[in-house]
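K.L.:
Pasting a structure here, questions to come.
Residue numbers (the working numbering): 154 to 260.
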């Protein structure tokens with residue numbers, strides 16, 4: 154996912170993080186200068202859904218404009234090497250498995 158807050162704000166004439174921070178405070182969301190700097194300049198590690206709702210309300214946009222999907226960056230699944238997939242009706246080789254958990258009580 155790509156965080157697109159700065160471009161979404163610029164499209165609405167908001168060019169400074171402090172201006173956006175003031176608009177958020179008017180809606181009841183007080184954000185520290187450090188957190189605002191992180192939101193404005195890069196990809197946040199964590200964002201609360203209620204904060205995301207307020208961002209969308211202030212900017213007049215949807216979540217899809219703030220969070221852009223990047224499916225090309227997700228690696229394709231790779232088959233496991235030397236793994237044989239049994240066909241229907243084919244016998245599976247017996248694989249011993251160690252016992253886990255507690256042992257049985259004495260007789």
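All C-beta atoms in this analysis are idealised placements derived from N, C-alpha and C, irrespective of residue type, glycine included.
As the structure is a prediction and not an experimental result, all values here were calculated from the model.
Would you identify the three-state DSSP class for residue 219, choosing helix, strand or coil?
P.N.:
By one-based count along the chain shown, residue 219 stands at place 66. In the structure shown, residue 219 sits in a helix (DSSP, three-state: H, G or I).
K.L.:
Cutting at 8 Å between CB atoms, please list the residues of its own chain near residue 219, excluding the five before and the five after it.
P.N.:
The count along the chain shown starts at 1 and reaches residue 219 at position 66. Excluding positions up to five away in sequence, the list reads 156, 157, 158, 161, 205, 208, 209 and 212.
K.L.:
DSSP state of residue 168, grouped into three classes?
P.N.:
For the purposes of this step, residue 168 is identified with residue 15 of the chain shown, where counting begins at 1. The answer is coil: DSSP assigns residue 168 none of H, G, I, E or B.
K.L.:
Go through its chain and collect everything with a Cβ distance to residue 216's Cβ below 7 Å, but skip five positions before and after it.
P.N.:
Here residue 216 refers to the residue found at position 63 of the chain shown. Result list for residue 216: 205 and 209, in chain order.
K.L.:
Apart from the five residues just before and just after residue 190, which ones in its own chain have a Cβ nearer than 8 Å to its Cβ?
P.N.:
Taking the first residue of the chain shown as position 1, residue 190 is located at position 37. Within the same chain, residue 190 has close Cβ partners 170.
K.L.:
So the candidates are 245, 196 and 203; which of them puts its Cα closest to the Cα of residue 177?
P.N.:
Translated into positions along the chain shown, residue 177 becomes position 24. Ranking 245, 196 and 203 by Cα distance to residue 177 puts 203 first.
K.L.:
Assign residue 221 to buried or exposed, taking buried as 16 or more other Cβ atoms, counted over all protein chains shown, within 10 Å of its Cβ.
P.N.:
Taking the first residue of the chain shown as position 1, residue 221 is located at position 68. By the neighbour-count rule (16 or more Cβ atoms within 10 Å), residue 221 is not buried but exposed.
K.L.:
Assign residue 231 to one of two classes, buried (16 or more other C-beta atoms within 10 Å of its C-beta) or exposed (fewer than that).
P.N.:
For the purposes of this step, residue 231 is identified with residue 78 of the chain shown, where counting begins at 1. By the neighbour-count rule (16 or more Cβ atoms within 10 Å), residue 231 is not buried but exposed.
K.L.:
Is residue 201 helix, strand or coil when you go by DSSP?
P.N.:
For the purposes of this step, residue 201 is taken as residue 48 along the chain shown, with counting starting at 1. Residue state, collapsed to three classes: coil.
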